[in-house]
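**Student:**
Residue numbers (my numbering), protein chains in the order written: chain A, 22 to 294; chain B, 40 to 363.
As structure tokens, this is what we get:
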């Protein structure tokens, strides 16, 4: 039912294709890359795209095509894991808060509101400034930044689900809270969670690029789309092509996740069934 | 029918606080206010009343699905309102509930096997094969076919779903079943099937029912005794025969006169009550029914009538009962 609907959604399928290509690109980076992304070649600095360097070279003579290919690894890694962290924290916080209610719920949700009131990037920069910029801290920072969205969604679903009679029936049978939450409540809030997760993947790719652009993401010389773009920025006047390709990669990946997210929303929204 | 009391409810009360915020202490909804009754073993006691009178809340309080504000629920000599949580969980299998809405009472993601078998999870001594056998037996008891074993709730009709709910409750081998309007979401033809199923199961398994309903025809069919509820309080409690032959409370009389009858030529004197049920937020002073009672006198608005015994087994809360 779900798959049939989803497969008939052309926009979603485009998104799936784009994402799949992205994942393949990351998985087969060593095969696809024509050069070592880290090899510096002083003789070929800032070249225009050519047969040898398809996307041209950067100011150190590194092959931009290979750097963009390898960059997909870091971008996907960070977006995937930061969304996983956010989902995990958000589900735990939202479910506890919504299920038990009371002043705890109030307190937790106000904290979530406080986190949400900061612009995402600013907060991530703040957290990274405290923790220090490295790959796992970027994951953690973005994870924390996106947690409130998940917590809110889960809490909302839990609030309505915990009043359902099948939850009361389970209580009447003698089941405990943990069993009820894991068996009856969480499985029924997966739909909005999936939608939120796909949308967040897109945001996270963008956020990672921005952080790298600002020098807080993946530490150089490792390539990520953000820092390739950041490096290229200095040479935009001489060699505009340097900025085009990493920018395009970011755009495509974000577009892919957004298309899938929109399609999932359409398919999973019960009001449209 | 043996006369052993299985359940004794005294002064059961539930107040809900609504609209409480930081700057507002909120208002109190007196959903159930001092309800007392007892249930004999093997008996069906019906709880009737209009929507919002607190009958479903009473059912949930009896099972301690929600904690009472005040009062005692004595099940086989133990006050379960004060029982610690772990002891309560052991007692839970003894008392089960069947819900009104067969659509929201079954988890849409579980299969029949999981829904009915859920209660067996807490009996680790059972083997997988034993569990399956018990589930299949229970399915047969409630009239579901073995091929339904792996299906999901959305593949069933309302009546079948309600049978599923019954099976889930009865596999626990309960002694007391609270049936919270189990028929009101079903078609009339299906209602008959489920009513007969409930009656048969009661006979075969020796169950006691607290049957919550607003459908007087069904109540007349299934009950031994009937309690009439209005705005969180019991108005009258008597055997079915006594109550239908001679209602003593004006509200009972009005309620019964509003029920359609199938008897030809039986002239009915319909009593039309004026106005709406007052809000339980601010129930009327004195007798809760006095604002709509056709026979209200001055004292009705002042003093709350006691719930007292008028005749053997016939309890009424009224200052001026009928046929007195």
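Glycine included, every Cβ here is placed at the ideal spot set by N, Cα and C.
Apart from the five residues just before and just after residue 40 (chain B), which ones in its own chain have a Cβ nearer than 6 Å to its Cβ?
**Tutor:** Numbered from its first residue, the second chain carries residue 40 (chain B) at position 1. Bear in mind that a pLDDT of 46 at residue 40 (chain B), under 50, signals an unreliable position, so the number given afterwards is only what the model happens to contain. Only 81 meet the Cβ criterion.
**Student:** So, does the CB of residue 192 (chain A) fall closer than 9 Å to a CB anywhere in chain B?
**Tutor:** Working through the first chain from its first residue, we reach residue 192 (chain A) at position 171. For residue 192 (chain A), the answer is yes, since a Cβ of chain B falls inside 9 Å of its Cβ.
**Student:** Taking only beta-carbon atoms, is residue 80 (chain A) less than 9 Å away from chain B?
**Tutor:** Taking the first chain and counting its residues from 1, the one referred to as residue 80 (chain A) is at position 59. Answer no: the Cβ-Cβ gap between residue 80 (chain A) and chain B never drops below 9 Å.
**Student:** Contact defined as beta carbons within less than 8 Å: I believe residue 135 (chain B) pairs with residue 216 (chain B). What is the distance between those atoms, to the nearest angstrom?
**Tutor:** Residue 135 (chain B) sits at position 96 when you count from the first residue of the second chain. Residue 216 (chain B) sits at position 177 when you count from the first residue of the second chain. Approximately 5 Å separates the beta-carbon atoms of residue 135 (chain B) and residue 216 (chain B); this is inside 8 Å, confirming the contact.
**Student:** Consider the Cβ of residue 213 (chain A): report whether some Cβ of chain B lies at a distance smaller than 9 Å.
**Tutor:** To locate residue 213 (chain A), count along the first chain from 1; it is residue 192. With 9 Å as the cut-off, residue 213 (chain A) does not count as an interface residue toward chain B.
**Student:** Drop a sphere of 10 angstroms on the beta-carbon of residue 347 (chain B), count the other beta-carbons inside from all chains shown, and report buried for 16 or more, exposed for fewer.
**Tutor:** Sequence index remark: in the second chain, residue 347 (chain B) carries index 308 (1-based). Exposed, since its Cβ has fewer than 16 Cβ neighbours within 10 Å.
**Student:** For the beta strand (DSSP E) holding residue 22 (chain B), just list the boundary residues, first then last.
**Tutor:** Residue 22 (chain B) is absent from the model: chain B starts at 40 and stops at 363.
**Student:** Whole alpha helix (DSSP H) runs in the segment 97-131 of chain B with 4 or more residues, listed along the chain?
**Tutor:** 124-130
**Student:** Against chain A, with Cβ distances strictly below 9 Å, would residue 136 (chain B) count as a contact?
**Tutor:** Your numbering for residue 136 (chain B) matches position 97 in the second chain. Judged by the 9 Å Cβ criterion, residue 136 (chain B) is in contact with chain A.
**Student:** Could you tell me which of A:287, A:205, A:190 sits nearest to residue 132 (chain B), measuring between CA atoms?
**Tutor:** Here residue 132 (chain B) refers to the residue found at position 93 of the second chain. Selected option, being the one with the closest Cα: A:190.
**Student:** How would you label residue 178 (chain B), buried or exposed, when you count the other beta carbons within 10 angstroms and need 16 or more for buried?
**Tutor:** Locating residue 178 (chain B) in the second chain gives position 139, where the first residue counts as 1. Per the 10 Å Cβ criterion, buried.
**Student:** Below 7 Å on C-beta distance, what does residue 211 (chain B) contact in chain A?
**Tutor:** Translated into the one-based positions of the second chain, residue 211 (chain B) becomes position 172. Neighbours of residue 211 (chain B) on chain A, chain order: 194.
**Student:** Between A:130, A:282, A:96, A:135, which has its C-alpha nearest residue 157 (chain A)'s C-alpha?
**Tutor:** For this step, residue 157 (chain A) is matched to residue 136 along the first chain. Comparing Cα positions, the closest option is A:96.
**Student:** Excluding the 5 residues flanking residue 293 (chain A) on each side, which residues of the same chain have their C-beta closer than 8 Å to its C-beta?
**Tutor:** Within the first chain, numbered from 1, the residue matching residue 293 (chain A) stands at position 272. Note that residue 293 (chain A) scores 46 on pLDDT, short of 50, meaning its location in the model is unreliable; the coordinates nonetheless yield the value given after this. The residues are 287.
**Student:** Of the choices B:361, B:97, B:61, whose alpha-carbon is the least far from that of residue 286 (chain B)?
**Tutor:** Here residue 286 (chain B) refers to the residue found at position 247 of the second chain. Ranking the options by Cα distance to residue 286 (chain B), first place goes to B:361.
**Student:** For residue 185 (chain A), decide whether its Cβ has a neighbour in chain B, counting only Cβ atoms nearer than 9 Å.
**Tutor:** One-based indexing of the first chain puts residue 185 (chain A) at position 164. Closer than 9 Å to some Cβ of chain B, the Cβ of residue 185 (chain A) qualifies, so yes.
**Student:** Identify every run of the beta strand (DSSP E) within the segment 61-91 of chain A, keeping only runs that are complete inside it and at least 3 residues long; order them along the chain.
**Tutor:** none
**Student:** Tell me, please, whether the CB atom of residue 40 (chain B) is closer than 9 Å to any CB atom in chain A?
**Tutor:** Taking the first residue of the second chain as 1, we reach residue 40 (chain B) at position 1. Any reading at residue 40 (chain B) needs caution, since the residue's pLDDT is 46, under 50, leaving its predicted position unreliable; the model's value is listed next. No, its Cβ sits nowhere closer than 9 Å to a Cβ of chain A.
**Student:** Does residue 264 (chain B) come out as helix, strand or coil in the three-state DSSP assignment?
**Tutor:** Looking up residue 264 (chain B) in the second chain gives position 225. Reduced to three states, the DSSP call for residue 264 (chain B) is strand.
**Student:** Quick one: is residue 55 (chain A) buried, meaning 16 or more other Cβ sit within 10 Å of its Cβ, or exposed?
**Tutor:** Looking up residue 55 (chain A) in the first chain gives position 34. Residue 55 (chain A) is exposed by the Cβ-count criterion.
**Student:** For residue 30 (chain A), which of helix, strand or coil comes out of DSSP?
**Tutor:** For the purposes of this step, residue 30 (chain A) is taken as residue 9 along the first chain, with counting starting at 1. It is coil, neither helix nor strand.
**Student:** Alpha carbon to alpha carbon, how far is residue 127 (chain B) from residue 283 (chain A)? Give it in angstroms, no decimals.
**Tutor:** Residue numbering aside, residue 283 (chain A) sits at position 262 when the first chain is read from its first letter. Residue numbering aside, residue 127 (chain B) sits at position 88 when the second chain is read from its first letter. If I take the Cα positions, the gap works out to 47 Å.
**Student:** What does residue 135 (chain B) pair with, by DSSP beta-bridge criteria?
**Tutor:** Here residue 135 (chain B) corresponds to residue number 96 of the second chain, with the count starting at 1. DSSP, once it has assigned bridges, lists B:216 as partnering residue 135 (chain B).
**Student:** What do you reckon, are the CB atoms on residue 89 (chain A) and residue 249 (chain A) nearer than 9 Å?
**Tutor:** Taking the first residue of the first chain as 1, we reach residue 89 (chain A) at position 68. Taking the first residue of the first chain as 1, we reach residue 249 (chain A) at position 228. Yes, these two residues count as a Cβ contact at 9 Å.
**Student:** What would DSSP say about residue 288 (chain B), mapped onto helix, strand or coil?
**Tutor:** Position 249 of the second chain, counted from the first residue, corresponds to residue 288 (chain B). The answer is coil: DSSP assigns residue 288 (chain B) none of H, G, I, E or B.
**Student:** Classify residue 275 (chain A) as helix, strand or coil using the three-state DSSP reduction.
**Tutor:** Residue mapping note: residue 275 (chain A) aligns to position 254 of the first chain, counting from 1. Residue 275 (chain A) falls in the helix class under three-state DSSP.
**Student:** I need the straight-line Cα distance from residue 339 (chain B) to residue 192 (chain A), nearest angstrom please.
**Tutor:** Stepping through the second chain from its first residue, residue 339 (chain B) is reached at position 300. Stepping through the first chain from its first residue, residue 192 (chain A) is reached at position 171. Looking at the two C-alpha atoms, the distance is approximately 41 Å.
**Student:** Among all the DSSP beta bridges, which residues are the ones paired with residue 79 (chain B)?
**Tutor:** As a first step, residue 79 (chain B) is located in the second chain; it is residue number 40 there, counting from the start. For residue 79 (chain B), which the question treats as bridged, DSSP gives the partners B:44.
**Student:** With 9 Å as the threshold, decide whether the Cβ of residue 131 (chain A) is near any Cβ in chain B.
**Tutor:** To locate residue 131 (chain A), count along the first chain from 1; it is residue 110. No - not a single Cβ of chain B is within 9 Å of the one on residue 131 (chain A).
**Student:** With a threshold of 9 Å between beta-carbons, can residue 104 (chain B) be considered close to chain A, or not?
**Tutor:** The count along the second chain starts at 1 and reaches residue 104 (chain B) at position 65. At least one chain A Cβ lies under 9 Å of residue 104 (chain B).
**Student:** Please say whether residue 230 (chain A) and residue 167 (chain A) have beta carbons closer to each other than 9 Å?
**Tutor:** The count along the first chain starts at 1 and reaches residue 167 (chain A) at position 146. The count along the first chain starts at 1 and reaches residue 230 (chain A) at position 209. Not a contact, by the Cβ cut-off of 9 Å.
**Student:** Return helix, strand or coil for residue 330 (chain B), following the three-state DSSP convention.
**Tutor:** Against the second chain, residue 330 (chain B) aligns to sequence position 291. Residue state, collapsed to three classes: coil.
**Student:** Nearest-angstrom Cα distance between residue 202 (chain B) and residue 282 (chain B)?
**Tutor:** Residue 202 (chain B) sits at position 163 when you count from the first residue of the second chain. Residue 282 (chain B) sits at position 243 when you count from the first residue of the second chain. So the two alpha carbons sit approximately 30 Å from each other.
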